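See structure below.
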Amino acid sequence: MTAEPHAPPTSNPCAAPAAARTGSGRAHAKAILLGEHAVVYGAPALALPIPGLSCTTSAVLSAQPGHGLTGYRHRTPAGVASGIGAQAPKALRHLVETMLERFRPGEELAVELALDNGIPVGRGLGASAACARATVNALDDLLRLDLCANDVFDLVQLAETQTHGRSSGIDAWATGSNRPVLMTSGKVSDPTVATAAWVVVADTGETGSTKNAVALVRETFRLYPDRRADFLSRSGTLTAAALGALDDGRLDVLGRQLTANHRLLVSLGLSTPALDRLVDVALRHGALGAKLSGGGMGGCVIALTGTPQAAARLATELARQGARETWTASIDEQGDDD
Ligand code: MEV
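Numbering-wise (our numbering), the sequence shown opens with residue 23 and increments by one.
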């Protein structure tokens with residue numbers, strides 16, 4: 023990957039007005055603990071923020087004439103892409119145009135963006151939602167909009183729908199939350215967590231498309247309507263049991279729900295040999311439970327542990343046995359009245 027200074031790609035920096043402001047925004051990765059795919063149909067799902075993996079966006083108003091997104095640079099773990107606005111991903115262009123039309127109607131404003139994204143793309147870690155959220159936050163800062171949480175969510179969701187088609191919104195919320203997020207029927211809440219836990223995220227190195235995975239599930243349900251009811255009911259039961267276990271501080275019970283959720287996702291054809299293998303490695307080396315996380319058909323597994331030491335040992339073993347990269351996130355303890 024090219025290591026270059028990461029400033030917004032102003033075509034002629036000398037021409038920029040002295041008082042040019044830079045707006046900046048940040049958002050982080052997420053992992054789905056339970057309930058992916060089912061959440062698209064209104065069943066509950068639980069997501070965990072991964073604050074250690076993030077995307078930051080810088081936004082400036084261009085000194086050059088134009089309207090909308092006129093320049094962008096996007097650095098990801100895979101490399102750097104940059105160009106004129108027309109070459110930027112459609113979701114990003116649409117996001118900038120929508121925000122300018124909505125909040126600065128009639129003004130001829132050209133925006134240049136620089137995204138610095140440390141979240142691997144296509145691994146079920148919410149990279150697209152985090153990039154969209156970091157960009158909304160950067161434009162909010164640049165244009166001094168003072169957007170409320172719901173406005174930010176709606177804009178991130180707009181970009182997500184363009185990237186993935188139908189999406190539940192759980193990524194759009196979880197990439198901006200510092201607490202686990204429970205989503206049920208499109209509404210979010212904060213689950214009670216009685217005991218801290220540590221989750222190791224291990225990347226198979228395989229890219230999976232959430233859009234394709236969601237389409238596969240939709241087609242399966244169209245062909246076999248009974249499977250839809252069965253999947254949603256089973257997934258909902260597992261997530262409810264997991265919420266009870268989090269509330270009681272029973273990590274062994276929580277772990278079992280994760281592993282059972284993996285099997286349920288396997289039954290829909292969403293796993294791969296590499297995902298199954300890392301789940302097996304995790305379970306053989308002390309994980310309380312393990313599963314694929316996110317859209318599936320590639321991407322990451324998550325494995326639950328009860329101590330940071332156990333998480334560190336497990337991460338080492340997963341890396342030794344083929345995980346391309348691992349990260350650890352904590353589920354922090356929080357009582358009813360926090
Ligand atoms: C993706 O992180 C989770 C899915 O359930 C899709 C969605 O909720 O939009 C697969």
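Don't be surprised by glycine CBs; every beta carbon is placed ideally from N, CA and C. Fair warning: this is a prediction, and the values are worked out from it, not measured in the lab.
Under the three-state DSSP convention, the category residue i falls into
| i | result |
| --- | --- |
| alanine 49 | strand |
| proline 330 | helix |
| arginine 97 | strand |
| alanine 309 | coil |
| alanine 341 | helix |
| aspartate 168 | coil |
| aspartate 225 | strand |
| threonine 242 | helix |
| alanine 42 | coil |
| threonine 206 | strand |
| proline 213 | coil |
| asparagine 234 | helix |
| threonine 197 | coil |
| arginine 335 | helix |
Contacts around residue i, its chain only, beta-carbon distance under 7 Å, and the 5 residues preceding and following it disregarded
| i | result |
| --- | --- |
| serine 33 | A caution first: serine 33 carries a pLDDT of 44, below 50, which makes its placement in the model unreliable, though a value can still be read off. Result list for serine 33: Gln86 and Gly93, in chain order. |
| aspartate 193 | Lys52, Gly148, Ala151 and Glu182 |
| alanine 10 | Nothing can be reported for residue 10: it is not among the residues displayed for the chain, which extend from 23 to 360. |
| serine 213 | Reading the sequence as shown, one finds proline at residue 213 and not serine. Contacts found: Leu68, Pro202, Leu204, Leu265 and Leu268. |
| valine 61 | Ala67, Ser190, Ile192 and Met205 |
| arginine 249 | Thr242 and Phe243 |
| histidine 89 | Glu130, Leu131 and Ala132 |
| arginine 342 | none |
| threonine 217 | Gly271, Leu273 and Glu355 |
| glycine 291 | Leu238 |
| alanine 103 | His96 |
| isoleucine 106 | Thr92 and Gly93 |
| glutamine 184 | Lys112, Ala113 and His116 |
Cα-Cα separation between residue i and residue j, rounded to whole angstroms
| i | j | result |
| --- | --- | --- |
| alanine 49 | glycine 198 | 6 Å |
| leucine 286 | threonine 259 | 12 Å |
| alanine 312 | valine 239 | 21 Å |
| alanine 282 | proline 330 | 23 Å |
| threonine 294 | alanine 110 | 31 Å |
| arginine 145 | glutamate 347 | 11 Å |
| leucine 300 | glycine 308 | 13 Å |
| aspartate 225 | glycine 321 | 6 Å |
| threonine 79 | leucine 340 | 32 Å |
| glycine 227 | phenylalanine 253 | 27 Å |
| proline 31 | threonine 229 | With a pLDDT of 47 at proline 31, under the threshold of 50, the modelled position of this residue cannot be trusted, and the question is left open. |
| cysteine 170 | alanine 108 | 29 Å |
| leucine 336 | arginine 115 | 41 Å |
| isoleucine 324 | glycine 128 | 47 Å |
| serine 76 | asparagine 172 | 21 Å |
| histidine 284 | aspartate 298 | 9 Å |
| arginine 272 | threonine 157 | 38 Å |
| valine 303 | methionine 319 | 18 Å |
| serine 207 | alanine 65 | 6 Å |
| valine 210 | alanine 251 | 22 Å |
| valine 215 | isoleucine 353 | 8 Å |
| valine 288 | leucine 314 | 9 Å |
Beta-bridge pairing of residue i - partner residues as DSSP gives them
| i | result |
| --- | --- |
| isoleucine 106 | Gly93 |
| isoleucine 353 | Ala219 |
| threonine 348 | Ala224 |
| valine 323 | Ala224 and Leu314 |
Beta-carbon contacts of residue i that lie in its chain and below 8 Å, excluding the five residues immediately before and after
| i | result |
| --- | --- |
| leucine 165 | Gly45, Met121, Phe125 and Arg126 |
| proline 71 | His50, Ala51, Lys52, Ala196, Thr197, Ser199, Asn200, Arg201, Pro202, Val203 and Ala351 |
| glutamine 279 | Leu56, Leu260, Thr261, Ala263, Ala264, Ala267 and Gly311 |
| glycine 316 | Ala53, Ile54, Glu58, Arg145, Gly146, Leu147, Gly148, Gly230, Thr232 and Cys322 |
| arginine 43 | Val82, Leu83 and Leu164 |
| glycine 174 | The question names glycine, yet the displayed sequence has valine at residue 174. These residues qualify, in order along the chain: Arg155, Val158, Asn159, Asp162 and Gly198. |
6 Å Cβ shell around residue i - same chain, five flanking residues per side excluded
| i | result |
| --- | --- |
| leucine 305 | Ala312 |
| lysine 233 | His186 and Gly187 |
| glycine 344 | none |
| asparagine 159 | Gly47 |
| proline 73 | His50 |
| alanine 277 | The sequence given here places glycine at residue 277; alanine does not occur at that position. Excluding sequence neighbours, glycine 277 sits near Leu310, Gly311 and Leu326. |
| glutamine 179 | Gly191 and Ala194 |
| arginine 155 | Ala49, Val178, Thr197 and Gly198 |
| cysteine 153 | Cys77, Leu137 and Asn139 |
| serine 84 | Thr92, Ala132 and Glu134 |
| proline 99 | Pro142 |
| alanine 296 | Thr226 and Glu228 |
Test: residue i CB closer than 8 Å to a CB of chain C
| i | result |
| --- | --- |
| arginine 240 | In the structure shown, chain C does not exist; there is a single protein chain. |
Any beta strand (DSSP E) of 3 or more consecutive residues that is wholly inside the region 115-158 = 132-139
- Query: Which runs of the beta strand (DSSP E) fall wholly inside the region 53-86 and span at least 3 residues, in chain order?
  - Reply: 67-83
**Asked** Which runs of the beta strand (DSSP E), 3 residues or longer, sit entirely within the region 244-308?
**Response** none
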